[in-house]
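Heads up: the sequence shown is residues 1 to 173, going by the numbering used here.
Heads up: the structure comes next, in structure tokens.
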Amino acid sequence: MVGNGTAVHILNVTKTFVTGQTRVQALRGVNLNVRMGELLMLVGPSGCGKTTLISVIAGILNHDEGECLVFGENLRDMAQQKRTLFRGANVGFVFQAYNLIPSLTVAENVAVPLLITGTSRKEAIARAIEILERINLGDKLNALPGALSGGQQQRVAIARALVHSPRLIVCDE
């Protein structure tokens, strides 16, 4: 049941990947409700569908069947541009591989979600600098991701997920 306190509602969601003649059913009849303010961790063995499920929740990947609502919105039925704007305004995602853009500085990488939603470059960079200073990376503002340690790259990815104050934060490992 979806109420106004529900952040994520998933009902009988399925997702199958097809490569050539190989079919892999990554999600089969998944049901889940996450209330606003709730912390949820998905735990399971490698390859069990955790990344697929959180990618569906974040609107990065479409599911095949079932219902997935995020703050009451069905992302699968949204046009790509509207989905991108919705994600930019509401979802922070920390990717397993961080997905930092190698040609952008640390500050620019953190500013990306703000730029996508129309924040001016000046304001986006200022907010990125503010959050980077809070996580003790103020001395790395102009560094490229390749010059950072793995732990520093992870903190930059987390800062990027938080910089726009999303209503939902999704982290993959």
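We put the beta carbon where it would ideally sit given N, CA and C, even for glycine.
Task: Nearest neighbour of Ile60, chosen from Arg35, Asn90 and Val34 [CA to CA] - done: Asn90
- [ ] Please classify Glu67: does DSSP put it in a helix, a strand, or coil?
- [x] strand
- [ ] Tell me whether the beta-carbon of Gly72 lies closer than 7 Å to the beta-carbon of Ile169.
- [x] no
TODO: Determine the direct distance from the alpha carbon of Asn136 to that of His9, and round the result to whole angstroms.
DONE: 36 Å
- [ ] Determine, using beta-carbon pairs with one atom in the segment 95–102 and one in the segment 115–127, whether at least three such pairs fall under 8 Å.
- [x] no
Open item on the list: Between the segment 134–151 and the segment 72–87, can you find at least three pairs of beta-carbon atoms closer than 8 Å?
Closed with: no
Open item on the list: Taking its Cβ as the centre, do 16 or more other Cβ atoms sit within 10 Å of Lys50, making it buried, or is it exposed?
Closed with: buried
Task: Candidates Cys171, Asp64 and Pro166: closest to Gly29 by CA position - done: Asp64
Task: Cβ distance (whole Å) where Ala174 is taken to contact Ala128 below 8 Å - done: Any property of residue 174 remains undetermined from this structure, which presents the chain solely from 1 to 173.
TODO: Would you list the residues sitting across from Cys171 in a DSSP beta bridge?
DONE: Val94.
- [ ] Could you check the C-alpha separation between Ile101 and Pro145 for me, to the nearest Å?
- [x] 7 Å
TODO: Taking Asn109 as part of the alpha helix (DSSP H), name the residues at either end of that continuous run.
DONE: Here the alpha helix (DSSP H) through Asn109 covers Val106 to Ile116.
Task: Beta-carbon spacing of Asp139, Ile54 below 7 Å - done: no
Open item on the list: Let me confirm a value: Leu27 is counted as buried when at least 16 other C-beta atoms fall within 10 Å, else exposed. Which label applies?
Closed with: buried
Open item on the list: For Ala147, count the other beta carbons within 10 Å of its own beta carbon; 16 or more makes it buried, fewer makes it exposed. Which is it?
Closed with: exposed
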